[in-house]
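One structure is given here, and the rest of the page talks about it.
Residue numbers (the numbering used here): 1 to 302.
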């Protein structure tokens, strides 16, 4: 029994270490890239870069908070429900916000490519901020209702402890149904937006005369966007995937749930700086300068 316990603890330690080592470097990369994006006026006033900056912030917060929650859950460590509520509020809101932000980025690119003369009037910092505010309203409404319900219906909310998961805040069946319906609505809505915008962009790219290199680069970028968006859309069906995995045996479920967390929650948040940041020549150059700790503010500052 003692040997089996040591083996279980060893496997658990390896899993926790892998999650940490996978997410920590990208949190650091995101931090350097955020500093880079704040270093030039054009990054702070252009809709495309505002959305990218917002996405990096959301991804970084999601990585940190979800990994902390997951490590506590894997180690079967209890948290006070009030503390857990704060973690769940942040992680659930950010996880749901990421695909919505990507949908906004798709719409911004759609306007830039299909309506270039109207782009400067539509995609302003003000309208971008309003659009992001609307995504946060959508992202937080469901979890806020659940937390208020728990606070009102659970008399031990302020004093009890629990393993910190999203499901701990379902105290009534209608919450589960509402959660699934809301996720389904978001999933369908974002999918429709993505399909429409990218098909439109592909059509425009093919119809407007351009050189071969630009066409290849556009197709590659679109393909990478679609891959990341497909991963992020799985956020909406994460709980449904776990319900299907729960039908397996306990040992298989534990391992599959771990892989589900890696591929659906962690990896998509690690892809953003690679797909959107390092592919941009201006950001890449400034990022490498910052990474190498070279003081070049005077050279690149407006």
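Heads up, the beta-carbon is just placed ideally off N, CA and C, and yes, glycines get one too. In this text the structure is predicted, and so the values were computed from the model without any measurement.
Pairwise C-alpha distance: residue j and residue i
| i | j | result |
| --- | --- | --- |
| residue 263 | residue 74 | 17 angstroms |
| residue 102 | residue 55 | 8 angstroms |
| residue 326 | residue 111 | Nothing can be reported for residue 326: it is not among the residues displayed for the chain, which extend from 1 to 302. |
| residue 167 | residue 265 | 16 angstroms |
| residue 173 | residue 150 | 13 angstroms |
| residue 199 | residue 206 | 11 angstroms |
| residue 191 | residue 39 | 34 angstroms |
| residue 195 | residue 106 | 10 angstroms |
| residue 253 | residue 113 | 45 angstroms |
| residue 162 | residue 91 | 17 angstroms |
| residue 13 | residue 231 | 26 angstroms |
| residue 284 | residue 227 | 21 angstroms |
| residue 179 | residue 258 | 22 angstroms |
| residue 280 | residue 49 | 10 angstroms |
| residue 278 | residue 156 | 48 angstroms |
| residue 116 | residue 122 | 10 angstroms |
| residue 255 | residue 125 | 44 angstroms |
| residue 23 | residue 203 | 37 angstroms |
| residue 9 | residue 175 | 35 angstroms |
| residue 83 | residue 120 | 44 angstroms |
Exposure of residue i, with buried meaning 16 or more beta-carbon neighbours within 10 Å
| i | result |
| --- | --- |
| residue 197 | buried |
| residue 128 | buried |
| residue 44 | exposed |
| residue 85 | buried |
| residue 160 | exposed |
| residue 143 | buried |
| residue 69 | buried |
| residue 282 | exposed |
| residue 81 | buried |
| residue 35 | exposed |
| residue 19 | buried |
| residue 342 | With the chain represented from 1 up to 302, any question about residue 342 goes unanswered, as that position is not in the structure. |
| residue 118 | exposed |
| residue 186 | buried |
Cβ-based neighbour list, residue i, same chain, cut-off 8 angstroms, excluding 5 preceding and 5 following
| i | result |
| --- | --- |
| residue 136 | 93 and 97 |
| residue 87 | 65, 68, 69, 79 and 164 |
Sheet register partners of residue i (DSSP bridge)
| i | result |
| --- | --- |
| residue 7 | Its beta-bridge partners do not exist; DSSP assigns none. |
| residue 80 | 161 |
C-beta atoms of residue i and residue j nearer than 8 angstroms
| i | j | result |
| --- | --- | --- |
| residue 153 | residue 169 | no |
| residue 27 | residue 63 | yes |
| residue 108 | residue 189 | no |
| residue 29 | residue 268 | no |
| residue 77 | residue 53 | no |
| residue 138 | residue 89 | no |
Close beta carbons around residue i, own chain, < 6 angstroms, minus the five adjacent residues each side
| i | result |
| --- | --- |
| residue 11 | none |
| residue 61 | 94 |
| residue 71 | 16 |
| residue 59 | 269 and 272 |
| residue 211 | Residue confidence for residue 211 is low, a pLDDT of 49 falling below 50, so the modelled location carries little weight and cannot support an answer. |
Own chain partners of residue i with C-beta closer than 7 angstroms, once the 5 adjacent residues on each side are dropped
| i | result |
| --- | --- |
| residue 182 | 142 |
| residue 193 | 103, 106 and 107 |
| residue 140 | 93 |
| residue 171 | 149, 150, 153 and 154 |
| residue 131 | 104 |
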